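Reviewing the structure listed below.
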Amino acid sequence: MDMWNYFHTCVASIWLHRCYIYSAVALGISLWIVIQFTTTRTKKKVTEPCQHFRTEAKLVNGCATPQAKEVYVAGVKIFYGSQTGTAKGFAKALAEAVTALNLPVEVINMGDYDPDDSLSEEVASRSVCVFLVATYTDGRPTESAAWFCKWLEEAANDFRFGKTYLRGLRYAVFGLGNSVYVDHYNTVGRSIDRWLWVLGASRVMSRAEGDCNVARSRHGSIEADFGAWQAKFLSRLQALCRGEKKPCSGRCKKGKCKSPGKQSKESSDHEHGASEHENTEAEELFETSSEEEADAEEAEGTNSVIDVEDLGNIMGHMKKAKREGELQEGGVGMRENTGRKEQQEKREMITPALRDALTKQGYKLIGSHSGVKLCRWTKSMLRGRGGCYKHTFYGIESHRCMEATPSLACANKCVFCWRHHTNPVGTEWHWKMDQPEMILQEAIENHQNMIRQFKGVSGVQAARFEEALAVKHCALSLVGEPIMYPQINRFVRLLHQHSISSFLVTNAQFPEEIRSLEPVTQLYVSVDASTRESLRRIDRPLFKDFWQRFLDSLKALAEKRQRTVYRLTLVKAWNVEELRAYADLISLGKPDFIEVKGVTYCGESSASSLTMANVPWHEEVVAFVQELAELLPDYEIACEHEHSNCLLMAHTKFKVDGEWHTWIDYGRFQELVRERERSGGSGTFSATDYTARTPAWALFGSRERGFDPLDVRHQRRNKARAISGC
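End of the sequence shown = 1318 in our numbering, gap-free, step of one.
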C-alpha cells in the first residue's frame, strides 16, 4: 500500500508540472538540431569550399523536381611548357592542391594541346585556365610550348579573330625565368598574358613571375616564388567558387589599384625599389577590363604609324618649330642645314615604328620595303584541312604557296584593308630600293623557316611538310602594290627561273606598269567598285585622276595575252547594286576570269566604318553572280569555294567539249616562259596554252561546294564567328 501511495504521488506531481517537462524536452531537441546543423555546415566548408554544380531532387506529388545551384568554377586546367621539368613539377603540385579543394583538375602539356581546335572551347567551359610557362634560350618558348605560343601570337595579331574571340575564358599566368638574362627575363609568360588579354580573356589575378636567380628572387628561390603565388591563387580560386568576382573596387587601371588595401601594398613595393619583374607579382590587378586597358593604350599613343601622305603637315610643323629655334640661336643652325640639305639619300620605306607594327602582325620583313607572311591556308593544307580558293579555282597547292610582296607601299587606303593601313602609302617610288635577287632569296628562306616551325605539330602531314619546303607558287598579294616596285619584271623572271608560278595583284592605278609587265602566270586587277563615286568611297585612292587611271588599267589588262582576272569584292550597302556598271567594266577589260568574293570583316578600326552588317552571306554572293552572268553572254559560273565566300566566272573559251579548264598546267607554263626567253622576248603565248581540266568537286553546284575531298573539313565547335577569307 505504501508503494502504491508513493507511485501515485509521483505521477500526480509529474502531471501537475507537465508544462515544464515539455519545455525542457523541446529545448533539448532544439539544441541537438542546432548542434547537428552547425557541425554539418562547418564540415562542408572545410571539405568542400568550392562545391560546384549539384542537383538536389525533391518529391512533389510523386515527381522529382531538380533544384540547380549556379556553377561558378567547373574545374581547373593547368597548362605547362617545360624544358627541364620545373614547370611540369609545379603543375603537378598545383593539381594536388586544387584536388584537395574537391575541384576537377586537368594537367596539360602544351605540346599535346592544339589551341586551334580546343582553346575556344574553354570560353564556355567555366573552367579556370592556369599557364605555367618557362622562358628558354633567347627569350623563346620551350620546345613543347612553341606551337601553342606561335598560334596564340598570330591569333592575337589577326583581325579575323577579333577582341572577343576568347571572351569568357578566365586565366592566370605564372612565368618561370632567370633575371640574369635581363633582356629576355620571363618574356614568354608576359607574352602569353598579353596575347590572351588581346583576344578578350579575363585575368583572375595578376601575372606572377618566378626567378631562378636566388639573389633577385622575391622569396629566395623559384620554388618559394611559386609557393607564394600558389597560396594566393588557391585563395582567389575559392573566392571565385563562392561567386565573388572582384576582391577590389573594380576600378583598377594600368596597374594602379584604388582600393585602400592595395594602395598600402603598392606603396610598400615602391619603397623597396622593386624592379619591373618584381612589380608584376604584386596583386594590383585581378579581373581586368579589356576596354579600360585598350583605352589607356590608345591614350598613350604607342606604336602609332603615320601614313606617307600625312607626313607633309607633320614635317611642316616640325620645320617651323625648328626655324624658330634656329633664329633664337642666331641663325647658326640654318646655315648648317643648308649644307646638309642634299646630303641624305632616299629614305627607307620601313620606319622603326612601321617595322614594329608589321612584325607584331606576323610579317617577316625583308630589306627596306619587302615582306613575307605565312598564309592561314598554307597551315590548313599542311594539316589536311583544305586549301584556299586558288586551289579550287586554279589548282595551286596551298601548302607550297608563298605569300609575299616586294613593295609594302600602296596608292589606296581601302575601307576593307586587311592590314588596317599599317603599311605606307604613296603615288610613286621615292624610297631606297633593294635588289630583287636579295628579296627573293630572303623571302624563300623566311618562308621555309616558318614552315619548319610546324615540324612535329599535331595534325601536320609529313609528306606535305616535306613538299612545303619547296616553294612552287608565289602570291604577290600580301599587302601594298607589288607593281610599284621598279624592278618587278626582274623579280618575276627570278620567280620563273626558280620554277615558281606568279600570281600578281594590282589595284588598277598604274596602267603603264601593267602594259610593261612581262608575262606572269596570272594577273589580277582589283575592281572594288564600278562607278567613280563608289570607287572613291571604297578604295580612297591617293591619285587625283584615280578614275581615269582605273579605266586605263582595265584597258591595259585587255592587251595582255596571259591569264587575267577581275577581282570583285562585294561590300553590302556599298557596291552590290551596280550590276550594269560592272558589266560595262568587264566589257572594257575583257578578263579571262572574274572572281566575286564577299568582303572579309577586318575587325574594329578607326580607319574603316565597316561592320559585320556589310558582309554578304554566301547565298547573296551567289545571287549577285547569277544576275551578273545574265548580263555577260560570254561568261558562265565555273567554280565555287563556299568556305571563302567566293565564286569564279570564266570566259566560255575555257569550256572545252563541255568541260571547264580553269586549272593551270604549271609545268607547261614554265616551258612557255623558257621558250619566250630563248627567243629574246619576241615569242609569246596565250592563256589557253597552259590550261588543265577542272575536277568535278571544284565546279559550281557540286556537292563538295569547292572543298577538296582528299582533305577533311574542320569545323570549330563553339565558334563565335565565321573566320573566312583568304
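For each residue, glycine too, the CB sits at the ideal point set by N, CA and C. Remember, predicted model here, so these are calculated numbers, not experimental data.
{"Item": "Boundaries (first-last residue) of the beta strand (DSSP E) holding residue 669", "Value": "667-673"}
{"Item": "Sufficient close CB pairs (3 or more, under 8 Å) joining the stretch 796-805 to the stretch 761-769", "Value": "yes"}
{"Item": "Between the CA atoms of residue 610 and residue 604 - distance to the nearest angstrom", "Value": "10 Å"}
{"Item": "Cβ shell of residue 1040 (< 7 Å), same chain only, five flanking positions each side left out", "Value": "1061"}
{"Item": "CA-to-CA distance, residue 1171 to residue 1212, given in whole angstroms", "Value": "13 Å"}
{"Item": "Reduced DSSP secondary structure (H/G/I, E/B, other) of residue 701", "Value": "strand"}
{"Item": "Rounded straight-line distance, which links the Cα of residue 1032 to that of residue 1094", "Value": "12 Å"}
{"Item": "Residues sharing a beta bridge with residue 1283, DSSP", "Value": "1256"}
{"Item": "Residue 1319 classed as buried or exposed, judged by whether at least 16 other C-beta atoms fall within 10 angstroms", "Value": "In the structure as shown, the chain begins at 593 and stops at 1318. Residue 1319 is therefore absent and cannot be evaluated."}
{"Item": "Simplified DSSP state of residue 1055, which is helix, strand or coil", "Value": "helix"}
{"Item": "Helix, strand or coil at residue 1300 [DSSP, three-state]", "Value": "coil"}
{"Item": "Burial state of residue 619 (16 or more Cβ within 10 Å)", "Value": "exposed"}
{"Item": "Bridge partner(s) assigned by DSSP for residue 1050", "Value": "According to DSSP, which records beta bridges pairwise, residue 1050 is partnered with nothing at all."}
{"Item": "Three or more C-beta pairs below 8 Å linking the stretch 744-756 and the stretch 938-954", "Value": "yes"}
{"Item": "Among 1044, 725, 759, nearest to residue 777 - alpha-carbon criterion", "Value": "725"}
{"Item": "Rounded Cβ spacing between residue 1251 and residue 1298 (contact assumed at less than 8 Å)", "Value": "Residue 1251 to residue 1298, Cβ: 17 Å. No contact."}
{"Item": "Endpoints, the beta strand (DSSP E) within which residue 1187 is located", "Value": "1185-1190"}
{"Item": "Residue 720 classed as buried or exposed, judged by whether at least 16 other C-beta atoms fall within 10 angstroms", "Value": "buried"}
{"Item": "Alpha-carbon to alpha-carbon, residue 1084 and residue 1070", "Value": "15 Å"}
{"Item": "For residue 675, the nearest candidate out of 832, 693, 736 (CA to CA)", "Value": "736"}
{"Item": "Where the beta strand (DSSP E) containing residue 720 begins and where it ends", "Value": "719-726"}
{"Item": "Residue 804 - partner residues in DSSP beta bridges", "Value": "The partner list for residue 804 (beta bridge, DSSP) is empty, contrary to what the question assumes."}
{"Item": "Own chain residues within Cβ distance below 6 Å of residue 1155, not counting five before or after", "Value": "1114, 1184, 1279"}
{"Item": "Residue 824, enclosing alpha helix (DSSP H) - first and last residue", "Value": "814-833"}
{"Item": "Pick from 690, 683, 715 that is closest to residue 702, judged by C-alpha positions", "Value": "683"}
{"Item": "Beta carbon of residue 1066 nearer than 8 Å to that of residue 1087", "Value": "yes"}
{"Item": "Residue 608 classed as buried or exposed, judged by whether at least 16 other C-beta atoms fall within 10 angstroms", "Value": "exposed"}
{"Item": "Nearest candidate by alpha-carbon position, reference residue 771, set 738, 731, 783, 755", "Value": "731"}
{"Item": "Alpha carbon of residue 1241 to alpha carbon of residue 1137, nearest angstrom", "Value": "30 Å"}
{"Item": "Under the three-state DSSP convention, the category residue 1242 falls into", "Value": "strand"}
{"Item": "Cβ shell of residue 606 (< 8 Å), same chain only, five flanking positions each side left out", "Value": "613"}
{"Item": "Limits of the unbroken alpha helix (DSSP H) element including residue 945", "Value": "944-952"}
{"Item": "Residue interval of the beta strand (DSSP E) (run including residue 996)", "Value": "993-997"}
{"Item": "Candidates 1181, 1214, 1215, 739, of which the one nearest residue 1047 by Cα", "Value": "739"}
{"Item": "Per-residue DSSP class, three states only, for residue 1153", "Value": "coil"}
{"Item": "Cβ neighbours of residue 734 in the same chain (closer than 7 Å, five flanking residues each side left out)", "Value": "673, 674, 675, 726, 728"}
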